[in-house]
Amino acid sequence: MPEARSRPAWAEVDLDAVRHNTAALAAVAAPAALCAVVKADGYGHGAVPVARAALEAGATWLAVAVVEEGEALRRAGISAPILLLAEPPAEVMAEALAQRLTPTLYTVEGVEAAAKAAVHGRPTTPVHLKVDTGMHRVGATPDDLVDVARAAEDAHGLGVEGLWTHLAAAEEPGEDGFTIEQLRRFEDARDRLAAAGIHPDLLHAANSAGTIAHPAARYDMVRCGISVYGYCPGQALDARVDLRPAMSLKARVSFVKALGAGERVSYGLRYALPGPGDLATVPLGYDDGVRRRLAVEGADVLIGGRRRPMAGTVTMDQFLVDCGPSSGVAPGDEVVLIGRQGDHQITADHWAGLLDTISYEIVCGIGSRVPRVYVGGGIEAGQRAEQPPLEEM
Ligand SMILES: *Cc1c(COP(=O)(O)O)cnc(C)c1O
């Protein structure tokens, strides 16, 4: 098992799980195409290995939030279409098009910037238009959309390939009516473009929740993020697709000491040992995404196939575990914070419940100094990383 040399702590990413999840989602979405969303470094899993695994398993598009993320995929030799989920600032439009990233556009200024940048690019640069149907984050209003679309169609070098929107509450069972209303507004926007003679080939609206819970939202393509990584966007959707969490967070015990009953530990002395016990130190802390509140909220870790409570305040680089009396726990023992050991499993959803957040924030929050170790095809992916970048192929 390769792991960090300077500190025995790592995040294990199972690329077989990514492939399994991708294939399951592709089957659910078919005949719609599957776009794997790999923004935020693949939700903390590593964008390049995840993108490769997803493309192997049936995804045909990738999506990222910012131009640099798309460039990194191109540098790794990935040639699949890559959608930018927000309109790039004018300053980076030329870079985006030079890397064959597909820009999302929703302002006339954005269209002008893309048209200017496209002169240096291919004969026709495909662009996707985004209409705001109720999320109210970014996107043209339904009233402005036709102007933006006309500008894009009239611009030399641009072609409107896609029209999309984003669902605000597809994972909320009580908000199905709102999702249906968003889809109605989306189809109305499509019809307005059609009346203007503009017929995008690719309509897309669904995130993971939309894909799983709202068949009507699948259109020509779905954009799945969290589900590719093995988590369901809402507890209510859990049983509908067989998803496997891809990331585990692991470490090795760095230090163990026996302490007497009542001994208080870590900053603020907030935890007192209920009886004599072995206190184990684990070399991960809040900088690594092991949030400071976890111990207070009653989080456990797995050591020696058993659940054991975190003890005291999590510090920046380390935390403590109360292993109880005569535990047999020793330095070097594997600690599972998220993942499986023996008969037990701890999920990012469990942490999310303790911390009143969502699995997305947990997996994205695993810090960049935690090395990602790939299993289930990681070595092959590593070898492919040696391939020359696109321009040289
Ligand atoms: C992040 C994002 C997605 C993916 O959402 P999940 O809930 O992770 O599936 C899809 N579309 C857009 C526009 C996004 O920003």
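Residue numbering for the sequence shown follows this note's numbering, starting at 1 and increasing by one per position. Think of the CB as a built atom: it goes at the ideal place given N, C-alpha and C, for glycine as much as any other residue.
For Asp-14, count neighbouring C-beta atoms within 10 Å of its own C-beta (all shown protein chains included) and say buried if the count is 16 or more, exposed if not.
Working through the sequence shown from its first residue, we reach residue 14 at position 14. Buried.
Excluding the five sequence neighbours on either side, which residues of its own chain have a C-beta within less than 7 angstroms of the C-beta of Tyr-106, listed in chain order?
On the sequence shown, position 106 is the one that residue 106 refers to. Answer for Tyr-106: Glu-87, Leu-129, Lys-130, Val-138, Gly-139, Ala-140 and Val-148, listed in chain order.
Check whether the region 49-61 touches the region 28-38, counting contact only when three or more Cβ pairs, one atom from each stretch, lie closer than 8 angstroms.
The way I'd put it, the region 49-61 does touch the region 28-38; three or more beta-carbon pairs between them come closer than 8 angstroms.
Can you give the Cα-Cα distance for Arg-184 and Val-92, rounded to whole angstroms?
Taking the sequence shown and counting its residues from 1, one reaches residue 184 at position 184. Taking the sequence shown and counting its residues from 1, one reaches residue 92 at position 92. Taking the CA atoms as reference points, Arg-184 sits about 34 angstroms from Val-92.
In its own chain, which residues sit with a C-beta less than 7 angstroms from the C-beta of Arg-252, not counting the 5 before and 5 after it?
To locate residue 252, count along the sequence shown from 1; it is residue 252. Excluding sequence neighbours, Arg-252 sits near Pro-8, Gly-332, Asp-333, Glu-334 and Val-335.
Taking Gly-324 as the reference, give the member of Glu-12, Gln-235, Leu-273 and Glu-187 with the closest Cα.
For the purposes of this step, residue 324 is taken as residue 324 along the sequence shown, with counting starting at 1. It is Leu-273.
Within the present structure, is the beta-carbon of Cys-224 separated from the nearest heavy atom of ligand 1 by less than 7 angstroms?
Numbered from its first residue, the sequence shown carries residue 224 at position 224. Between ligand 1 and the CB of Cys-224, the shortest heavy atom gap is smaller than 7 angstroms.
Can you say whether Gly-177 is buried or exposed, counting buried as having 16 or more other CB atoms within 10 angstroms of its CB?
Here residue 177 refers to the residue found at position 177 of the sequence shown. Gly-177 counts as exposed, since fewer than 16 other C-beta atoms from the protein chains shown sit within 10 angstroms of its C-beta.
Under 8 angstroms between the Cβ atoms of Ala-114 and Met-135?
In the sequence shown, counting from the first residue as 1, residue 114 sits at position 114. In the sequence shown, counting from the first residue as 1, residue 135 sits at position 135. For Ala-114 and Met-135, no; Cβs fall outside 8 angstroms.
Inside the region 9-43 only - beta strand (DSSP E) runs reaching at least 3 residues:
DSSP runs (the beta strand (DSSP E)) wholly in the region 9-43: 9-14 and 33-37.
Within this structure, are the beta carbons of Val-363 and Tyr-43 separated by less than 8 angstroms?
Position 363 of the sequence shown, counted from the first residue, corresponds to residue 363. Position 43 of the sequence shown, counted from the first residue, corresponds to residue 43. In this structure, Tyr-43 lies closer than 8 angstroms to Val-363 by Cβ.
Helix or strand or just coil, what does DSSP make of Arg-306?
As a first step, residue 306 must be located in the sequence shown, where it is residue number 306. Arg-306 falls in the strand class under three-state DSSP.
Looking at Ser-227 and ligand 1, is the gap between the Cβ and the nearest heavy atom below 7 angstroms?
Within the sequence shown, numbered from 1, the residue matching residue 227 stands at position 227. Checking the Cβ of Ser-227 against ligand 1 gives yes.
Cut-off 6 angstroms between Cβ atoms - residues of its own chain near Met-221, not counting five sequence neighbours on either side:
Numbered from 1 along the sequence shown, position 221 holds the residue referred to as residue 221. Closer than 6 angstroms at the Cβ level, and outside the excluded window around Met-221, lie Ala-32, Ala-33, Cys-35, Leu-202 and His-204.
Can the beta-carbon of Ala-196 be found closer than 8 angstroms to that of Val-146?
To locate residue 196, count along the sequence shown from 1; it is residue 196. To locate residue 146, count along the sequence shown from 1; it is residue 146. Yes, they are a contact pair.
To which residues of the same chain is Leu-337 closer than 6 angstroms at the C-beta, ignoring the five residues directly before and after it?
Position 337 of the sequence shown holds residue 337. Non-local beta-carbon contacts of Leu-337 in its own chain, meaning distances under 6 angstroms to residues more than five positions away in sequence, involve Leu-249 and Val-301 in chain order.
Residue span of the beta strand (DSSP E) that contains Pro-126, given as start and end
Taking the sequence shown and counting its residues from 1, the one referred to as residue 126 is at position 126. The continuous beta strand (DSSP E) containing Pro-126 extends over residues 125-130.
Rounded C-alpha distance that separates Asp-343 from Gly-305
Here residue 343 corresponds to residue number 343 of the sequence shown, with the count starting at 1. Here residue 305 corresponds to residue number 305 of the sequence shown, with the count starting at 1. As the crow flies, the alpha-carbon of Asp-343 is around 7 angstroms from that of Gly-305.
At the 8 angstroms Cβ level, is Glu-56 part of the contact set with chain C, yes or no?
Here chain C cannot be found, since the structure has a single protein chain.
Is DSSP giving Ser-248 helix, strand or coil here?
Within the sequence shown, the letter at position 248 stands for residue 248. Note: Ser-248 maps to strand in three-state DSSP.
Measure the beta-carbon distance from Gly-312 to Arg-270 and round it to whole angstroms, keeping in mind my assumption that it falls under 8 angstroms.
Position 312 of the sequence shown, counted from the start, is the residue given in the question as residue 312. Position 270 of the sequence shown, counted from the start, is the residue given in the question as residue 270. A Cβ-Cβ distance of about 6 angstroms is found for the pair Gly-312 and Arg-270, placing them in contact under the 8 angstroms criterion.
How should Ile-180 be labelled, buried or exposed, when 16 other C-beta atoms within 10 angstroms of its C-beta is the threshold for buried?
Position 180 of the sequence shown, counting from 1, holds the residue named residue 180. When all chains shown are included, Ile-180 counts as exposed.
Do Val-111 and Ala-63 have their beta-carbon atoms positioned less than 8 angstroms apart in this structure?
Counting from 1 along the sequence shown, the entry for residue 63 is found at position 63. Counting from 1 along the sequence shown, the entry for residue 111 is found at position 111. Cβ distance not < 8 angstroms, so Ala-63 and Val-111 don't count as in contact.
Using C-beta distances below 6 angstroms, list every residue in its chain close to Ala-258, excluding the 5 sequence neighbours before and after it, in chain order.
In the sequence shown, residue 258 corresponds to position 258, counting from 1. Excluding positions up to five away in sequence, the list reads Asp-278.
Apart from the five residues just before and just after Arg-190, which ones in its own chain have a Cβ nearer than 7 angstroms to its Cβ?
Your numbering for residue 190 matches position 190 in the sequence shown. Contacts found: Leu-163 and Leu-203.
Let me check understanding here. Comparing Cα to Cα, which of Asp-287, Ala-117 and Gly-268 lies closest to Arg-369?
In the sequence shown, the residue the question calls residue 369 occupies position 369. The closest CA to that of Arg-369, considering only Asp-287, Ala-117 and Gly-268, is found on Asp-287.
Please list the terminal residues of the continuous beta strand (DSSP E) segment that includes Arg-340.
Counting from one through the sequence shown, the residue named residue 340 turns up at place 340. 334-341 is the extent of the beta strand (DSSP E) around Arg-340.
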